[in-house]
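Engineer:
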Ligand code: F3S
Ligand code: F3S
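In full-length UniProt numbering, the protein residues as written are 2 to 112.
1. Tell me which residues share the same chain as residue 88 and place their Cβ nearer than 7 Å to its Cβ, disregarding the 5 neighbours each side in the sequence.
2. Please list, in chain order, all residues of the same chain as residue 52 whose beta carbon is under 8 Å from its beta carbon, the five residues on each side excluded.
3. Let's test the definition: count the other Cβ atoms within 10 Å of the Cβ of residue 66 and tell me whether it reaches 16, buried, or not, exposed.
4. Going straight from the alpha carbon of residue 59 to that of residue 49, what length do you get?
5. Going by the C-beta, is residue 42 closer than 7 Å to any heavy atom of ligand 2?
6. Rounded to whole angstroms, how far is the Cβ of residue 39 from the Cβ of residue 18, which I believe are closer than 8 Å?
7. Just to confirm, is the Cβ distance from residue 30 to residue 46 under 8 Å?
8. Nearest by alpha-carbon distance to residue 55: which of 34, 4, 33 is it?
And the structure:
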């Protein structure tokens, strides 16, 4: 899968969303998350991000390895204020902004 890392936090340019052929880039509160099971590894999102937040899972920059598991966690575990996990919604557009983040992102320092 491809992964969205720390540079997206509080930037959320969303250029990536328009490129994804399977609509698997979901919007939280401070960042976006790629669904690891829905992503087909096409790579179309990677070059359009102005802050280079998107990388293939094997190419995560030093210090950002945690974002691989964290993108998955956004879907696998209930988010704050929600009783159930998102699971595999099969498309981000119909959900819109989720309005919550994983703990890793929610506690990320604000710049
Ligand atoms: Fe974020 Fe870059 Fe997409 S800033 S929303 S990963 S284009
Ligand atoms: Fe979509 Fe990027 Fe994966 S465009 S299919 S999230 S590589």
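In this text, a Cβ means the ideal position worked out from N, Cα and C, and glycines have one as well.
Structural biologist: Judging by the given coordinates:
1. Only 76 meet the Cβ criterion.
2. 8, 9, 12, 14
3. exposed
4. If I take the Cα positions, the gap works out to 19 Å.
5. Taking the Cβ of residue 42 as the reference point, at least one heavy atom of ligand 2 falls within a distance shorter than 7 Å.
6. Incorrect: roughly 13 Å between the Cβ atoms, too far for contact.
7. no
8. 4
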